[in-house]
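There are 2 protein chains.
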Amino acid sequence: MNHPAQLDAVRKPLPAELLAALESIFEDRVSTSQAMREHHGRDESSYDPMLPDAVVFAQTTEEVAEVVKLCNAHDIPIIPYGTGTSLEGHILALRGGVTIDLSQMNAVLAVHAEDQTATVQAGVTRKQLNQEIRDTGLFFPIDPGADASLGGMAATRASGTNAVRYGTMRENVLALTVVTSDGRIIKTGTRAKKSSAGYDLTRIFVGSEGTLGIITEVTVRLYPQPEAVSAAVCSFPSTAAAVNTVIQTIQMGVPVARVEFLDENCVRAINAYDKMSLPEKPLLLFEFHGSESSVQEQAQVVQEIAGEQEAIAFEWATRPEDRTRLWAARHNAYFAMLQMRPAGRAITTDACVPISRLAECILDTQADCEKNDMIHGIVGHVGDGNFHVLMMVDPDDAADVARAEGINQRMVARAISMDGTCTGEHGVGMHKMDFLVQEHGEEAIETMRILKRAFDPKNILNPGKIIRWT
Amino acid sequence: MNHPAQLDAVRKPLPAELLAALESIFEDRVSTSQAMREHHGRDESSYDPMLPDAVVFAQTTEEVAEVVKLCNAHDIPIIPYGTGTSLEGHILALRGGVTIDLSQMNAVLAVHAEDQTATVQAGVTRKQLNQEIRDTGLFFPIDPGADASLGGMAATRASGTNAVRYGTMRENVLALTVVTSDGRIIKTGTRAKKSSAGYDLTRIFVGSEGTLGIITEVTVRLYPQPEAVSAAVCSFPSTAAAVNTVIQTIQMGVPVARVEFLDENCVRAINAYDKMSLPEKPLLLFEFHGSESSVQEQAQVVQEIAGEQEAIAFEWATRPEDRTRLWAARHNAYFAMLQMRPAGRAITTDACVPISRLAECILDTQADCEKNDMIHGIVGHVGDGNFHVLMMVDPDDAADVARAEGINQRMVARAISMDGTCTGEHGVGMHKMDFLVQEHGEEAIETMRILKRAFDPKNILNPGKIIRWT
């Protein structure tokens with residue numbers, strides 16, 4: 001898939017002088033090989049690759065600042081790269097330039113168990129962090145699916161299944177180290193849990209997708225590993241019944257740790273892929289964290305609510321192996337869906353609406369998919385009103401791709417009309433730039449543009465993402 | 001108390017043309033009377049009043065935009081005013097200009113009970129909001145003590161006793177309507193619970209103290225009223241024992257709703273003021289929210305932990321009248337402290353540190369007060385590592401005031417050296433501008449300055465607060 005902006009993007013060749021300067025500093029940690037450029041010119045979106053001119057592997061904040069200063073002097077774009085798992089074209093080198101790969105910045109710099117904080121270099125992944133802190137009795141809850149880097153998760157304001165209880169990167173980043181577009185190094189906060197000390201620089205950079213500065217270190221909040229964990233799975237006669245169960249659960253103040261929705265198509269795909277025999281109906285998957293008695297009480301309350309919504313079956317899984325089986329099935333939903341059209345390619349999108357409108361938004365989107373004969377599945381972090389649509393297209397069939405884009409456009413318009421957002425957790429990248437204008441309106445976009453121009457006056461930080469320059 | 005910046009502030013007289021324009025629009029809702037200007041030229045800080053030249057009572061966002069456009073055309077400062085309860089000189093008219101009083105913008109615009117959100121005009125106070133939503137089974141938890149306006153609370157990133165469980169205004173504001181320095185009206189978000197859609201404009205304005213834009217509407221998160229509430233009170237042989245109890249409580253994952261620390265001086269003052277007989281030792285006051293069995297379980301866990309810390313007494317209060325009596329005593333701590341020096345004036349300050357350093361930070365600050373013969377008391381939202389020092393001074397004794405300022409400066413330096421912040425919830429205003437530089441460093445302050453200049457190029461929005469222009 002090509003992006004229209006690609007066609008008229010100004011692509012300036014990499015000055016030999018700049019490359020020589022990078023090579024003198026980074027030696028074999030700078031590469032212009034086709035293979036390396038191709039690896040860094042793609043993400044998990046359906047865009048065709050757009051290659052940077054060079055890739056640099058930085059190991060320290062100071063090295064990142066060096067690259068930025070050099071690129072700034074030559075007006076050359078800079079794109080930060082973590083694990084390459086973004087979904088909306090975030091890291092594609094629309095205008096060429098230098099990609100800074102941060103995967104070698106993978107040190108856990110400090111763990112303060114008493115304070116429940118950790119400070120890591122941007123390339124540390126969430127699984128690595130959890131591995132390194134497992135003996136502290138603490139964990140880092142944010143789980144966007146992919147084993148993304150903490151820097152990338154901060155840059156895209158990631159969230160995932162646990163956000164209903166633990167929040168998103170917005171709530172869980174305490175402080176960042178950031179390299180600005182002119183190569184200055186700033187710290188945006190402290191390890192204090194709260195602060196009223198001036199402008200919230202931390203949250204200016206969280207979600208800015210590398211367009212305002214380059215995140216090199218992240219301080220995050222950690223949480224106590226729960227004393228007890230249990231899961232429950234429940235099928236419903238309708239999407240509305242499932243969503244109403246979630247609304248009432250949250251209104252009762254039940255502190256669910258996760259509540260995931262899967263539509264009939266997903267359940268069917270999972271049954272085939274994982275050899276399971278779940279009822280092929282809308283399904284909710286719950287996880288409860290707390291004390292032994294608390295998780296039991298939570299499950300009981302949810303079971304009662306589900307019963308009032310004519311739930312078909314309510315199965316409560318306390319044994320770790322049963323829980324693991326259920327959640328593995330949820331995590332495999334993406335791969336299971338891919339099997340529904342083995343030669344096809346997945347287009348994924350997400351939106352987030354106030355929960356009172358969620359059933360309606362999902363139902364209308366399902367109807368749109370069916371009307372357009374689109375092979376699709378919907379999963380959702382329904383406690384937050386956030387859902388994902390996965391559509392299987394033939395990437396070589398322009399009409400098929402256009403049909404999927406049409407469904408996406410109408411889903412976003414629907415979410416916005418319900419006072420929701422065009423993306424709950426995937427981010428904007430290149431794919432949702434027009435939707436962003438639709439959501440915020442021209443005046444707010446102008447304010448975003450004022451911010452971008454002030455922080456990156458030369459438009460060298462990941463240009464062509466989030467908002468148009470003019 | 002005078003502020004040095006006051007002496008060299010450029011104060012431009014209000015142009016007659018501007019006043020005439022305001023009067024033609026606002027008629028009797030614009031005032032230049034001495035009494036009105038004096039009322040709006042002070043807050044709860046110990047600064048002498050600094051009067052605006054005129055006060056306008058706006059009733060709509062559009063009216064606020066009108067005032068801003070007129071003032072912008074004449075380069076005249078604009079100061080938003082809610083309830084006047086800020087603590088660091090936030091709303092004082094250092095350079096004169098027009099104060100926009102938002103107290104008549106006091107409509108609750110929408111309550112979406114299923115989504116647990118409310119949208120209010122900026123002048124609605126937290127008690128008013130809770131009064132208007134009491135039949136929904138929901139409540140708005142953030143309680144900074146004063147019955148502040150939601151606009152003011154957003155502008156200062158307020159928090160208070162409930163923040164340990166429910167977060168601060170940073171976490172609980174979903175969206176704002178803001179008037180920019182050139183009089184544009186923007187909406188910064190939607191009612192979606194989470195979003196990755198572009199720059200986080202909401203959190204740029206939360207905590208910006210009226211210096212980047214004027215908040216006119218606020219959408220906040222609401223929470224289910226807990227099924228059960230209980231309180232516990234417990235005295236300790238030492239500050240360290242009390243703080244260690246809190247650290248362990250939080251590490252056990254007990255979801256306390258409130259945990260407040262009071263030092264011996266506060267307890268003594270409260271005993272005298274409220275005719276109570278609490279042991280005159282460091283004291284913790286807990287509140288638990290949840291189901292009947294959950295609050296019981298939480299209290300039991302805390303009692304066990306407190307026992308290990310040699311707690312002197314642990315009293316568990318489930319009856320509403322007992323709870324109310326305890327919390328009234330906590331809320332009266334300020335007034336009780338005032339009685340410790342009836343002719344004196346209170347100087348209050350706050351800081352926030354990682355909780356592992358809290359006991360040390362409080363103890364060193366107490367020792368500093370005692371060494372300087374300062375009548376003082378310390379209360380803290382200890383679950384967050386946040387504490388307040390109240391010092392009683394003779395406002396006419398410059399040496400006494402200087403002693404208090406010295407204690408404040410050393411407390412802030414101590415907090416910053418512990419990777420904490422110069423203010424957990426009071427904000428910067430005029431009083432903590434130098435501390436802000438100390439905390440963030442010149443490079444980060446320069447980034448804040450870039451933001452301020454981009455959003456308010458004429459420096460007309462609450463000038464002289466948060467950061468110095470040059």
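Heads up: the protein sequence lines correspond to chains F and V, in order.
Those letters in the first sequence? Residues 1 to 470, by full-length UniProt numbering.
Those letters in the second sequence? Residues 1 to 470, by full-length UniProt numbering.
In this text, a Cβ means the ideal position worked out from N, Cα and C, and glycines have one as well.
Can you check DSSP and say which residues form a bridge with V:R449?
Reading the second sequence from its first residue, position 449 is the one you call residue 449 of chain V. Paired residue(s): none; V:R449 is not in a bridge.
Whose C-beta lies closer than 6 Å to the C-beta of F:E227 among residues of the same chain, with five residues either side of it excluded?
Taking the first sequence and counting its residues from 1, the one referred to as residue 227 of chain F is at position 227. Closer than 6 Å at Cβ, skipping near neighbours: S291.
Buried or exposed by the 16-neighbour rule on C-beta atoms within 10 Å, applied to V:R319
Along the second sequence, one-based indexing puts residue 319 of chain V at 319. V:R319 comes out exposed.
Starting from F:H331, trace the alpha helix (DSSP H) both ways and give me its first and last residue.
The count along the first sequence starts at 1 and reaches residue 331 of chain F at position 331. Note, F:H331: alpha helix (DSSP H), P320 to H331.
Buried or exposed for V:A20, going by 16 or more other Cβ atoms inside 10 Å?
Translated into the one-based positions of the second sequence, residue 20 of chain V becomes position 20. Exposed.
Shorter than 8 Å from the beta carbon of V:C361 to some beta carbon of chain F?
The sequence position of residue 361 of chain V within the second sequence is 361, counting from 1. At a cut-off of 8 Å between beta carbons, V:C361 makes no contact with chain F.
Does V:R268 get closer than 8 Å to chain F when you measure Cβ to Cβ?
In the second sequence, the residue the question calls residue 268 of chain V occupies position 268. Using beta-carbon distances, V:R268 does not count as an interface residue toward chain F, since no partner is under 8 Å.
Identify whether V:T249 lies in helix, strand or coil by the three-state DSSP scheme.
Here residue 249 of chain V corresponds to residue number 249 of the second sequence, with the count starting at 1. Look at V:T249 here: in three-state DSSP terms it is helix.
Between which two residues does the alpha helix (DSSP H) containing V:I215 stretch?
Your numbering for residue 215 of chain V matches position 215 in the second sequence. Premise fails: V:I215 lies in the beta strand (DSSP E), I214 to R221, not in any alpha helix (DSSP H).
With distances taken from CA atoms, which of V:L109, V:E114, V:Q116 and V:D115 is nearest V:Q128?
Within the second sequence, numbered from 1, the residue matching residue 128 of chain V stands at position 128. Closest option to V:Q128, Cα to Cα, is V:L109.
What number of angstroms, rounded off, separates the C-alpha of F:A311 from the C-alpha of F:L358?
Position 311 of the first sequence, counted from the first residue, corresponds to residue 311 of chain F. Position 358 of the first sequence, counted from the first residue, corresponds to residue 358 of chain F. Approximately 18 Å, taken between the alpha carbons.
Under 9 Å from the C-beta of V:Q251: neighbouring residues of chain F:
Residue numbering aside, residue 251 of chain V sits at position 251 when the second sequence is read from its first letter. At a beta-carbon threshold of 9 Å, the residues of chain F lying near V:Q251 are A113, E114, Q116, G137, L138 and P224, ordered along the chain.
Can you find a CB in chain F that lies within less than 8 Å of the CB of V:N72?
Walking along the second sequence from the start, residue 72 of chain V turns up at place 72. So no, V:N72 is outside the interface.
Give a yes or no on whether the minimum CB-CB distance between V:Y199 and chain F is below 8 Å.
The residue you call residue 199 of chain V lines up with position 199 of the second sequence. Taking 8 Å as the CB threshold, V:Y199 lines the interface with chain F.
Proximal residues of chain V, C-beta to C-beta of F:I215 below 7 Å:
Walking along the first sequence from the start, residue 215 of chain F turns up at place 215. Around F:I215, no beta-carbon contact reaches into chain V at under 7 Å, the shortest distance being about 14 Å.
According to the neighbour-count rule (16 or more other Cβ atoms, all chains shown, within 10 Å of its Cβ), is V:V10 buried or exposed?
Position 10 of the second sequence, counting from 1, holds the residue named residue 10 of chain V. Exposed, because fewer than 16 other Cβ atoms sit within 10 Å of the Cβ of V:V10.
Residue range of the beta strand (DSSP E) that V:Y81 falls in?
Looking up residue 81 of chain V in the second sequence gives position 81. First-last of the beta strand (DSSP E) with V:Y81: I78 to Y81.
Indicate the three-state DSSP secondary structure (helix, strand or coil) for F:D364 in the structure shown.
Within the first sequence, the letter at position 364 stands for residue 364 of chain F. Here DSSP, grouped into helix, strand and coil, assigns F:D364 to helix.
Using a Cβ-Cβ cutoff of 9 Å, what residues of the region 143-164 of chain V are near chain F? List them in chain order.
If you check each beta-carbon in the region 143-164 of chain V against every beta-carbon of chain F, the ones closer than 9 Å belong to T156, R157, A158, S159, A163 and V164.
Rounded C-alpha distance that separates V:G124 from F:F57:
Stepping through the second sequence from its first residue, residue 124 of chain V is reached at position 124. Stepping through the first sequence from its first residue, residue 57 of chain F is reached at position 57. One point to set straight first is that residue 124 of chain V is Val, not Gly, in the sequence displayed. Between V:V124 and F:F57, the alpha-carbon positions lie close to 52 Å from each other.
Hey, out of V:P224, V:Y199, V:A146 and V:L51, whose CA is closest to V:R95's CA?
Within the second sequence, numbered from 1, the residue matching residue 95 of chain V stands at position 95. Of the residues V:P224, V:Y199, V:A146 and V:L51, the one whose Cα lies closest to the Cα of V:R95 is V:L51.
What are the boundary residues of the alpha helix (DSSP H) that includes F:S294?
Position 294 of the first sequence, counting from 1, holds the residue named residue 294 of chain F. Annotation for F:S294: the continuous alpha helix (DSSP H) segment containing it runs E292 to E308.
Can you look up F:A257 in the DSSP assignment and give me helix, strand or coil?
The sequence position of residue 257 of chain F within the first sequence is 257, counting from 1. It is coil, neither helix nor strand.
V:C369 touches chain F at which residues, Cβ-Cβ below 7 Å?
Looking up residue 369 of chain V in the second sequence gives position 369. Within chain F, not a single residue places a beta-carbon under 7 Å from that of V:C369; the smallest gap is close to 22 Å.
Assuming the contact rule is C-beta atoms closer than 8 Å, V:I466 and V:V428 should be a hit. Round their C-beta distance to whole Å, please.
By one-based count along the second sequence, residue 466 of chain V stands at place 466. By one-based count along the second sequence, residue 428 of chain V stands at place 428. Going by Cβ atoms, the distance from V:I466 to V:V428 rounds to 5 Å, so yes, they are a contact pair.
Helix, strand or coil for V:M392? Go by DSSP, reduced to three states.
For this step, residue 392 of chain V is matched to residue 392 along the second sequence. Residue state, collapsed to three classes: strand.
With contact counted as at least three CB pairs below 8 Å, one residue from each stretch, are the region 155-174 of chain F and the region 185-193 of chain F in contact?
Contact holds: three or more Cβ-Cβ distances are below 8 Å.
Taking buried to mean at least 16 other C-beta atoms within 10 Å of its own C-beta, is F:Q300 buried or exposed?
Numbered from its first residue, the first sequence carries residue 300 of chain F at position 300. Flag for F:Q300 reads exposed.
Tell me, please, which residues DSSP counts as bridged to V:P224.
In the second sequence, the residue the question calls residue 224 of chain V occupies position 224. Answer is V:L138.
Rounded straight-line distance, which links the Cα of V:M276 to that of F:A118:
Against the first sequence, residue 118 of chain F aligns to sequence position 118. Against the second sequence, residue 276 of chain V aligns to sequence position 276. Their Cα atoms are separated by approximately 43 Å.
Rounded separation between V:N462 and V:A65 - CA only
On the second sequence, residue 462 of chain V is found 462 positions in, with the first residue counted as 1. On the second sequence, residue 65 of chain V is found 65 positions in, with the first residue counted as 1. Roughly 15 Å between the two C-alpha positions.
Helix, strand or coil for F:D143? Go by DSSP, reduced to three states.
For the purposes of this step, residue 143 of chain F is taken as the residue at position 143 of the first sequence. Looking at F:D143 - three-state DSSP - the assignment turns out to be coil, as it is neither helix nor strand.
Which same chain residues end up closer than 6 Å to F:L7 when comparing Cβ atoms and leaving out the 5 residues on each side of it in sequence?
The residue labelled residue 7 of chain F in the question sits at position 7 within the first sequence. Note that F:L7 scores 47 on pLDDT, short of 50, meaning its location in the model is unreliable and no value can be drawn from it.
Tell me which residue opens and which closes the alpha helix (DSSP H) that V:Q409 is part of.
If you number the second sequence from 1, residue 409 of chain V lands on position 409. Unbroken alpha helix (DSSP H) run through V:Q409: A398 to S417.
Spatial neighbours of F:A404 in its chain, beta-carbon cut-off 7 Å, leaving aside the 5 residues before and after:
The residue labelled residue 404 of chain F in the question sits at position 404 within the first sequence. Apart from the 5 residues on each side of it in sequence, F:A404 sits with its Cβ closer than 7 Å to the Cβ of I347, M374, M391 and V393 in its chain, given in chain order.
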